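Read in order, the letters of the sequence shown correspond to residues -26 to -1, 1 to 669 in mature numbering (1 follows the signal peptide of the UniProt record, and there is no 0). A short worksheet on the structure shown next.
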Amino acid sequence: MKHKYIAAIVTAGLAWSSWGVESALAQTPASTAVNIPLTMLTQGKKVVVLRSGHDTAQMTWKVQPHYTAQNATLQVHYLTSPDTTAGSQLVVSMDHKIIGAVSLNPKLPRGSFTVLLGHQAFSAGSYPLQIQAIPGPAAPHTKTVLPGAWTQIDYSASQLTYTPQRLPWQHLDFAHLPMILSESAAQGVLRLPIQFYGTPNPTLLTAAQEAVAGLALRSAAVLHVKAQMMGPGVISPTVSGNPDISALLAPVADLPAAMQPHTPITGPTVLLVRNPDNPPGVILIFTGTDDAQVLTAARAFAVNRNMLPLGHRWSVIGSAQVMAMNFGPQNAVYPGQVVSLHDLHGSNSTLNTPHGTADIGFWMPGGLFASRQSNLKMKLTMATEPLTQPATQPIITVMANHHWISEWKLTPGVANYQTTIPFSALVGGENHITFQIAGGKVSIFPSSTLQLPTTHRYTLLPDLALFQHTGFPLVVHGTGRHLSVWYSERTLANWSAGLTLFGRLVQSAHSPLPGAQATFSRPVTGNVLAIGTPASIPASWLSASPVRLLQNGIQWQLANRHGTEKPWMGATQLPATAYLVEAHTPYKDHVTVTFLATNTQNLQAAAWNLVTAPNWNKLQGDFARQNSQGIYQSTMVGSHFMYGNRHSGWFWIFLFSVRPWLWVLAGLAAVLFATLAVWIFTLRKKAQWRAEEAL
């Protein structure tokens, strides 16, 4: 009976497997198929050894909500032992039903087979998979099956393949927004159409900035914004094959009829609705009775990142709800702030589970300076478990951004510790403090705290590297106060480029920058992000920049010359299609980052190219240019100038620390002054002595 059962499995399983593979290959395009290594279904486990008739490999395959999986196949790579009995089978089951099997031959120990999981499309849900080795019948001259037979499943080489089919959303909820953004992003880029109805003005552009900020902070993808002017009753056309998300900004009176909600709108409102012209896509609508309410709705959406309501409609009530929210990122630490590791890493942190290596990551603003006596303080509560018996004291090594900091012994059990990290080991942007434990395992309690010292904001700039990591110097306190975004041309390309750059600035600063204002006129105060062309932005705007743009190239000032007589060096053989320049504004005590394209047609594409990781991560110095191959090259072309509060005494300490020769001059001046004072005092004493002797 057992022999007939195994034979039936072999016949049905092999026939189903071979037919299923051919069918799947014929129907599944390679470009749309999803391949999942089994290691992703087994928490990183690479291999499993199955003893015949005893062990079962189990895993769970999950189909995401609002998706179906078609042509699902499972490919298994295995290795069998030489003492495997003839007729042994490797059986695959799903939902405890056998769906395929393969014979194991000890003379061919290494093999693979593919089985079709089912003919139907799999809806969203969890599907348990089991793989079991069933021994064959014993040889006639033996009475028992050899107990040492085994089969090894290679999870890293095995994979599950299927074709996902996205379903249109039937009931939208703000809780679905992270999933919608993840679905819309392709290869780390989220294409975001922004639809305007009527004539855009600075208020609507500011609202668009906050809408972009709210989406940028909810997604790890880089936003490529495309501004669109829509006529009455017209909705953005469907992008072929792209289940995209778009944003729509307009007072309720200008909304197309298809977007009008059933309930009247009387105040700032955010709606999440399906796109009637693109069923898989959704539209995020920011509306109100006037432009000011549209801005209030967009700003509330940007700063309420962790407290969006349930449902598809959000009526924003009052401004107190907006101002009470957290403006900064979840993992940010600001000067003088004490933050618990629970608040820093959230409820999903793994620090309170035993680790041989624990990592604490946090983000801090750019351009910070602290004295040599000011260190980052960490107060830790840790549970230590030695690995040896009798218990020995484990050793912990502290690393900060790959710099060795300290090393000490830990007491087994729960104990409190305090350590410091020199401020010189920290950087503006993401920081990582790593604890490497030898001879034990350590759990860090979430009640542990981290304190960044009170610092002073000084740095030698221009430095586009700080700009791309933290948004400095345009972003100082995380809220975008005194920051203007200057759209020098009232064109869709100019608005698209500006909103794309603003979204990248928001991600770098980890803040929605709710204080930033859009403007169509040249600013006269504050920090500025300027977008335009050499024709739309006057040359006087870059008067404080060491870079001068010419018709057929650029010029820059010598970096080693100071004063008003710095000569200009020509570079007429360096054609470029776009420029990014960091400099002082023409007015006093403020800075500007200016993005220019040689013509309006290139503005949008040049901005998209700039914010992508390969170009964005290479920014440094004060000047970057895009060559004809679309590659940005950046460098320091002018002399350093300094940002900071010059009215503070710390400014001079920082100035001397970055220019040590000033200390030498100060010391020589002090010695000269003391010598001169002693000499004058001695001359006066000698004159007094002579006068006394004359008497």
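Yeah, the Cβ is synthetic: ideal placement off N, Cα and C, and Gly gets one too. No experiment lies behind these values; they were computed from the predicted model shown.
Self-check item: Neighbourhood of residue 418 by C-beta distance below 7 Å, restricted to the same chain and skipping five residues each side
Solution: 315, 325, 326, 332, 354 and 356
Status (buried if at least 16 other CB within 10 Å, exposed otherwise) for residue 658:
exposed
| Residues sharing a beta bridge with residue 84, DSSP | Residue 84 pairs with 53.
If the criterion is Cβ atoms closer than 8 Å, does the pair residue 611 and residue 596 meet it? yes
Check: When DSSP labels each residue in this structure, what does residue 143 get in the three-state scheme?
Finding: coil
Notebook entry, point to check: Where does residue 307 fall in DSSP's three states?
Noted result: Residue state, collapsed to three classes: coil.
For this session: Could I get the ranges of all uninterrupted alpha helix (DSSP H) runs contained in the segment 605 to 632, with 4 residues as the minimum, in chain order?
Result: 623 to 632
Could you check if residue 432 is buried or exposed, using at least 16 other CB atoms within 10 Å of its CB as the buried criterion? buried
Three-state secondary structure (DSSP) of residue 565: strand
ask   = Does DSSP put residue 667 in a helix, in a strand, or in coil?
value = helix
- Item | contact_flag[the segment 179 to 186, the segment 466 to 477] where n(CB pairs < 8 Å) is 3 or more | yes
Checklist entry - Hey, out of 481, 457 and 520, whose CA is closest to residue 493's CA? => result 457
Buried versus exposed call for residue 653 [16 or more other C-beta atoms within 10 Å across all chains shown] = exposed
Q) Apart from the five residues on each side of it in sequence, which residues of its chain come closer than 6 Å, Cβ to Cβ, to residue 16? A) Only 33 and 129 meet the Cβ criterion.
| request: Specify the secondary structure class of residue 360 as computed by DSSP and reduced to three states. | output: strand
Below 8 Å, how does it come out for the segment 79 to 99 and the segment 45 to 65: are there three or more Cβ pairs, yes or no? yes
For residue 158 and residue 278, what's the separation of their Cα atoms in angstroms?
22 Å
(Q) Just to check my reading of the structure: residue 748 and residue 529 have Cβ atoms closer than 8 Å, yes? What is that Cβ distance to the nearest angstrom? (A) Any answer about residue 748 is impossible in this case: the structure gives the chain only from -26 up to 669.
Given that a residue counts as buried once 16 or more other Cβ atoms are within 10 Å of its Cβ, and exposed if not, what is residue 561?
-> exposed
With 16 other CB atoms within 10 Å as the buried threshold, where does residue 84 fall? exposed
Given that a residue counts as buried once 16 or more other Cβ atoms are within 10 Å of its Cβ, and exposed if not, what is residue 75? buried
- Could you give the residue range of the alpha helix (DSSP H) that holds residue 157? 151 to 158
Subject >> Coarse secondary structure for residue 588, derived from DSSP in three states >> reply: Three-state DSSP puts residue 588 in a helix.
Taking only runs of the alpha helix (DSSP H) that begin and end inside the segment 428 to 490, which ones reach a length of at least 4 residues, in chain order? Correct list: 438 to 444 and 466 to 483.
Could you work out which residue in 41, 47 and 25 is closest to residue 126 when comparing CA atoms only?
-> Selected option, being the one with the closest Cα: 25.
| said: Across the segment 447 to 455 and the segment 162 to 177, are there enough close Cβ pairs to call them in contact, namely three or more that are closer than 8 Å? | reply: By the Cβ test, the segment 447 to 455 is not in contact with the segment 162 to 177, since fewer than three Cβ pairs between them sit closer than 8 Å.
Close beta carbons around residue 428, own chain, < 6 Å, minus the five adjacent residues each side: 309 and 310
Do you know whose CA, among 240, 270, 219 and 267, lies nearest residue 258's CA?
219
Point to revise | Straight-line Cα distance separating residue 641 from residue 177 | key: 55 Å
Notebook entry, point to check: How big is the Cα-Cα spacing for residue 386 and residue 480?
Noted result: 44 Å
Item to complete: Answer yes or no: do residue 288 and residue 148 have a C-beta to C-beta separation smaller than 8 Å?
Response: yes
| Using the beta-carbon count (16 or more within 10 Å), is residue 205 buried or exposed? | exposed
Inter-residue CB distance, residue 69 and residue 101 (contact presumed, cutoff 8 Å)
7 Å
Inset, instruction - Give the range of the beta strand (DSSP E) segment to which residue 8 is assigned. - result: In the DSSP annotation of this structure, the continuous segment of the beta strand (DSSP E) that includes residue 8 starts and ends at 8 to 11.
* Put residue -4 into one of helix, strand or coil per three-state DSSP. => For residue -4, the pLDDT reaches just 31, beneath the cut-off of 50, and the residue's location in the model is therefore unreliable, although a value from the coordinates is still provided. Correct three-state label for residue -4: helix.
ask   = Hey, residue 268 and residue 225 are a contact pair by Cβ (cut 8 Å); roughly how many whole angstroms apart?
value = 6 Å
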